[in-house]
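The sequence shown: position 238 = 251 (the working numbering), numbered continuously.
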Amino acid sequence: MGAAAPRVFVSHLAGVAVFDPNGDPVGRVRDLVAMLGLSGRPPRVLGLVVEVVSRRRIFLPMTRVTGVESGQVITTGVVNMRRFEQRPTETLVLGELLDRRVTLVETGEEVTVLDVAVAQLPARRDWEIDKVFVRRGKAPTLRDRWPGGGRRTGEALTVEWSAVTGFSLEEPGQGAESLLATFEQLRPADLASVLHHLTAKRRAEVAAALDDDRLADVLEELPDDDKVEILGKLQEERAADVLEAMDPDDAADLLSELPEEDKERLLTLMRPRDAADMRRLLSYEERTAGGLMTTEPIVLLPDATVADALARVRNPDLSPALAAQVYVCRAPDETPTGKYLGTVHFQRLLRDPPFTLVSALVDSDLNPLPPDTGLPEVTSYLAAYNMVAAPVVDASGALLGAVTVDDVLDHLLPDDWRERELHGARVPDLPEVADGR
């Protein structure tokens, strides 16, 4: 989303027109959907409730919003027309947060919420509620709300979300939220162990309460049966969003487990770029370099510098294996790229001045892997050359992706290794939840 609107008060979004990229009207914003937690941290904004021409109200995920500017909302153009249904763990911002009585942490004074502000997180598509506009004094009466009615009294002020209490979800009936609060610091693999040991009902509740990125990380660590079960219980548009948040190779593996009709429906709902990556990965045999690779390695053009490369390597969302090297290619710099020129290893980047061009540092001695290279040959390649990742290049010389050692290990281990590990893991004591499970 554009930098022109880093923070917006939600009252200014009520009734705002929503347009597709071509400027055609989609509908109008009627509310925002957020997920409150128990920890007092700012809640994530999941999406918008949009009323379309037929007066049907639909859900528009924030991941499908590309701009909030000049009193309008711009979408990617991909809109699911299914009627919006609020989940138990979701809160309507305009309908349920405004006019609420909350307490100032510092003074213990009760105040009334007049508005809240949403802000985009730096370098991400996620938005969260970070400011609260409140008024001191008694709660306004109905007369206070009439035009020309009673005069409101009390000081109005804007405070941080953390400066007030009384917003968080109530524990009764919110077992999934209590569970998430308890296991918030767990690694994805450990949280996957927790989900694996829950009943199907509780597993679906917790999955619904996780945000897309967290759920994507957890799905990558679950056995195939659990992945398919969880994905099948999500609304289709959200399932597509979660697949987009997964590593492309893991998402393709999950899609390959679905019936053809379900797979095509989800691919249609995904962003065209992500769907194209998925279709390309699905076209290769599973136990080949093409089937194992990720389509999102670090790709740089020849005129990029060491400083540029190190900035890309610092991305915390990259796995250690993908951050271990960058691949230098002719334009375009997204897979499939132009001609592959070679690899620059992380250690080499640390030894040269920041202004050095990466084209001067490429290691072109090792031949890249063709996409039809079998798993045994991929394994031997990584072991023989002490590599944690290897480039995959097609017959025309274009970089298609990279195979990482973790994906190779995943396919070398027995098919049920994740389930064995989950059964052997120690599951922390679960909190008491509303349904007694």
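Backbone N, C-alpha and C fix where the C-beta goes; we use that ideal spot for every residue, glycine too.
As the structure is a computational prediction, the values presented were derived from the model and not from experiment.
- When the Cα atoms are used, residue 316 and residue 111 turn out to be separated by approximately 52 Å.
- Per DSSP, residue 389 is one residue of the alpha helix (DSSP H) stretching across 388 to 397.
- For the 8 Å CB-CB criterion, residue 417 and residue 307 form a contact.
- For residue 231, the enclosing alpha helix (DSSP H) stretches over residues 225 to 232.
- Taken in chain order, the complete alpha helix (DSSP H) segments of 4 or more residues contained in the stretch 205 to 293 are 213 to 222, 225 to 232, 237 to 246, 249 to 258, 261 to 269, 273 to 282.
- Measuring C-alpha to C-alpha distances from residue 87 to each of 130, 232, 37 identifies 37 as the nearest.
- Taking the Cβ atoms as the reference, residue 204 lies roughly 5 Å from residue 231, within the contact range of under 8 Å.
- Residue environment: residue 66 is assigned as exposed (fewer than 16 neighbouring CB atoms within 10 Å of its CB, all protein chains considered).
- Under the three-state reduction of DSSP output, residue 108 falls in the helix class.
- Judged by pairs of C-beta atoms under 8 Å, the stretch 223 to 242 does not touch the stretch 274 to 283, as fewer than three such pairs exist.
- Looking at the backbone, the Cα of residue 413 and that of residue 113 are separated by about 53 Å.
- In the three-state scheme derived from DSSP, where H, G and I count as helix and E and B as strand, residue 400 is classed as coil.
- Taking a cut-off of 8 Å on C-beta distances, the stretch 361 to 376 does not touch the stretch 384 to 398, as fewer than three cross pairs fall below it.
- If you draw a straight line from the Cα of residue 338 to the Cα of residue 361, it comes to about 9 Å.
- Under the 10 Å beta carbon count, residue 84 is surrounded by fewer than 16 other beta carbons and is classified as exposed.
- Scanning the stretch 300 to 353 for uninterrupted beta strand (DSSP E) segments of 3 residues or longer gives 338 to 342, listed from N- to C-terminal end.
- Secondary structure note for residue 131: its beta strand (DSSP E) is the uninterrupted segment 123 to 133.
- Counted as a single uninterrupted DSSP element, the stretch harbouring residue 32 is not any alpha helix (DSSP H) but the beta strand (DSSP E) occupying residues 30 to 32.
- For the set 33, 56, 60, the Cα lying nearest the Cα of residue 43 is the one of 60.
- Taking one beta carbon from each stretch, the stretch 125 to 140 and the stretch 22 to 37 have 3 or more pairs nearer than 8 Å; the two touch.
- Between the alpha carbons of residue 80 and residue 363 lies a gap of roughly 38 Å.
- Contact check for residue 353 and residue 406: beta-carbon distance about 5 Å, within the 8 Å limit, so the pair qualifies.
- Burial check for residue 304: the Cβ neighbour count within 10 Å reaches 16 or more, so the residue is buried.
- DSSP, reduced to helix, strand and coil, places residue 99 outside both helices and strands of the structure shown, so it counts as coil.
- The straight-line gap separating the alpha-carbon atoms of residue 70 and residue 103 is approximately 16 Å.
- Within its own chain, the residues whose Cβ lies closer than 7 Å to the Cβ of residue 265, once the five positions on either side in sequence are excluded, are 291, 294, 295, listed in chain order.
- Counting along the chain, the unbroken beta strand (DSSP E) around residue 412 starts and ends at 412 to 417.
- Ranked by Cα distance from residue 380, the options 401, 356, 92 are led by 356.
- For residue 180, there is no enclosing beta strand (DSSP E), as DSSP gives it neither H nor E.
- Residue 117 has 177 as its beta-bridge partners, per DSSP.
- Comparing C-alpha distances from residue 167 to each of 180, 178, 146, 49 shows the shortest one belongs to 146.
- Under the DSSP assignment, residue 73 falls in the beta strand (DSSP E) whose first and last residues are 70 to 74.
- Restricting attention to 262, 63, 219, 336, the CA atom closest to the CA of residue 424 is found in 262.
- Between residue 45 and residue 107 the beta-carbon gap is near 7 Å, inside 8 Å, which marks them as a contact.
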